[in-house]
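Asks: I'd like to ask some things about the structure below.
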Amino acid sequence: MLTHKIVTSPIGVLTLVALDGVLSTVRLGPPAVAAGAGTPYGIAAEDGFEDVERQLTEYFEGRRCCFNVDTNPQGTEFQRRVWEQVSGIGYGRTASYKQLAVLLGDAAKARSVGAALAHNPLNLVVPTHRVVGSRGALTGYSGGVDAKRYLLELEQAPQTEHLRRNCLRADSVPA
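For the sequence shown, the working numbering gives the first residue as 36, with consecutive numbering after it.
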């Protein structure tokens, strides 16, 4: 069963979507509504999103560097490989599209990496905001450049120094 919940955040409305109780989407913005068809994200639900909501709150308060929730993102094999690489970018750090393409075995695939990131269904959980242009430019982000800037500034803020030092693994959360 597909369910969703709309929550607010410092970067605007987020739509959380679960398929059979497993998080499949964190969309920046409200759910799109087709004329007469309702939302493509299933029925609205208040329950079942408590853990991800708590972790999002902790992230935005500067108390969490990464997310630890069960997920089931839908994508091609290449997209999933890109998202896996992005998940390894440390809190407060960035990587370029080209660097990710090199890690995936082909520097010429930087544009393909960008396309895969544009289809990332788990914004924030898979931190695509940490991917920048080769010269550090804040390019392409589904939530907009202002949201990307906000997230990067949050992760670079003096009050999150402890997270940058202590969150060395993708699954670590300091005590």
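Glycine included, each C-beta is placed from N, C-alpha and C at the ideal position.
Could you spell out the range, first to last residue, of the alpha helix (DSSP H) harbouring Thr-92?
Replies: Residue numbering aside, residue 92 sits at position 57 when the sequence shown is read from its first letter. 85-95 is the span of the alpha helix (DSSP H), which, as asked, contains Thr-92.
Asks: Terminal residues of the continuous beta strand (DSSP E) containing Lys-144?
Replies: As a first step, residue 144 must be located in the sequence shown, where it is residue number 109. First-last for Lys-144: undefined, no H or E at that position.
Asks: Tell me, to the nearest whole angstrom, how far the beta carbon of Ala-192 is from that of Gly-175; I am working on the premise that it is less than 8 Å.
Replies: Numbered from its first residue, the sequence shown carries residue 192 at position 157. Numbered from its first residue, the sequence shown carries residue 175 at position 140. So it is not a contact: roughly 23 Å between Cβ atoms.
Asks: Do three or more CB pairs link the stretch 159-167 to the stretch 111-129 at distances below 8 Å?
Replies: Touching, per the Cβ criterion.
Asks: For Asp-55 and Thr-38, I'd like the C-alpha separation in whole angstroms.
Replies: As a first step, residue 55 must be located in the sequence shown, where it is residue number 20. As a first step, residue 38 must be located in the sequence shown, where it is residue number 3. Distance between the alpha carbons of Asp-55 and Thr-38: 8 Å.
Asks: Among the residues of its own chain, which have a CB less than 8 Å from the CB of Pro-65, if the five just before and after it don't count?
Replies: Translated into the one-based positions of the sequence shown, residue 65 becomes position 30. Excluding residues within five positions, the ones whose Cβ falls inside 8 Å are Ile-41, Val-48 and Thr-50.
Asks: Using only CA atoms, which one of Leu-186, Gln-114 and Thr-106 lies nearest to Asp-86?
Replies: Counted from its first residue, the sequence shown places residue 86 at position 51. Checking every option, the nearest Cα to that of Asp-86 belongs to Thr-106.
Asks: Do you know how far the Cα of His-197 is from the Cα of Gly-149?
Replies: For this step, residue 149 is matched to residue 114 along the sequence shown. For this step, residue 197 is matched to residue 162 along the sequence shown. Roughly 30 Å between the two C-alpha positions.
Asks: In chain order, what are the residue ranges of uninterrupted alpha helix (DSSP H) at least 4 long that sit wholly in the stretch 113-181?
Replies: 132-138 and 145-153
Asks: Whole angstroms is fine: what's the gap from Arg-170's alpha carbon to Leu-139's?
Replies: As a first step, residue 170 must be located in the sequence shown, where it is residue number 135. As a first step, residue 139 must be located in the sequence shown, where it is residue number 104. Spanning the two alpha carbons is a distance of roughly 20 Å.
Asks: Can you find the residues in the same chain that come closer than 6 Å, C-beta to C-beta, to Pro-108, ignoring five residues on each side of it along the sequence?
Replies: Walking along the sequence shown from the start, residue 108 turns up at place 73. Pro-156 and Leu-157.
Asks: List the endpoints of the continuous beta strand (DSSP E) containing Arg-62.
Replies: Along the sequence shown, one-based indexing puts residue 62 at 27. Secondary structure note for Arg-62: its beta strand (DSSP E) is the uninterrupted segment 57-63.
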